[in-house]
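If you're matching positions, the sequence shown starts at 1 in the UniProt record's numbering and goes up one per residue.
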Amino acid sequence: MTTIETNPVQASKGWNIGLWVAQAILAAMFLMAGATKLMSGSAELVAMGMGWAENAPFLLIKFIGLAEVAGGLGLILPTATRIMPHLTKWAAAGLAVIMVLAAGLHIIRGEFEVVPVNVILFALAAFVIWGRTNKTPIAPRA
Numbered sequence: 001m002t003t004i005e006t007n008p009v010q011a012s013k014g015w016n017i018g019l020w021v022a023q024a025i026l027a028a029m030f031l032m033a034g035a036t037k038l039m040s041g042s043a044e045l046v047a048m049g050m051g052w053a054e055n056a057p058f059l060l061i062k063f064i065g066l067a068e069v070a071g072g073l074g075l076i077l078p079t080a081t082r083i084m085p086h087l088t089k090w091a092a093a094g095l096a097v098i099m100v101l102a103a104g105l106h107i108i109r110g111e112f113e114v115v116p117v118n119v120i121l122f123a124l125a126a127f128v129i130w131g132r133t134n135k136t137p138i139a140p141r142a
């Protein structure tokens, strides 16, 4: 019986690429969603299909938008610059919490068709947390 040996450097490179792809997808999604919430009013958001914004306080909508933009930036900048790269894991954790809360809100409102998107984004955020903690952590600059 033969065993297949894998090069740990290649395996690590594959994980790193996969994590960068996940981070880029998450960052793009949250930067777009956050910017939309920051630049639009309640009526515009409702017209775009965000029915929850109809009854949400103005400042809550802006806070969620700001948190999403900060999280999107936090997924990329600390890792790319290697300045405090551990913040990427915290950004992913914050976005995972937002997705849990968003899924809960959609379930309460009976908007079940949106929940799978929340679950997928949560899973990507959890993957980033796990991967940047266990598989390919990024070392800070020396």
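By construction, the Cβ of each residue, glycine as well, lies at the ideal position given by its N, Cα and C atoms.
With DSSP as the reference, label residue i as helix, strand or coil.
i       : result
Gly-18  : helix
Met-84  : coil
Glu-5   : Residue placement at Glu-5 is flagged as unreliable, the pLDDT there being 49, under the threshold of 50; the coordinate-derived value follows with that caveat. Coil at Glu-5, not helix or strand.
Ile-108 : helix
Pro-137 : coil
Pro-57  : coil
Met-39  : helix
Given a threshold of 16 other Cβ atoms within 10 Å of its Cβ, counted over all protein chains shown, does residue i qualify as buried or as exposed?
i       : result
Leu-95  : buried
Pro-116 : exposed
Ile-107 : exposed
Val-21  : exposed
Gly-110 : exposed
Gly-41  : exposed
Asn-118 : buried
Taking 8 Å as the cut-off, decide whether the C-beta atoms of residue i and residue j are in contact.
i       : j      : result
Thr-136 : Asn-16 : yes
Leu-105 : Trp-52 : yes
Lys-62  : Lys-37 : yes
Ala-125 : Ala-92 : yes
Ala-139 : Arg-82 : yes
Any beta-carbon of chain D closer than 8 Å to the one on residue i?
i      : result
Ala-47 : Here there is only one protein chain, and chain D is not present.
Do three or more CB pairs link the region 23-35 to the region 65-79 at distances below 8 Å?
yes
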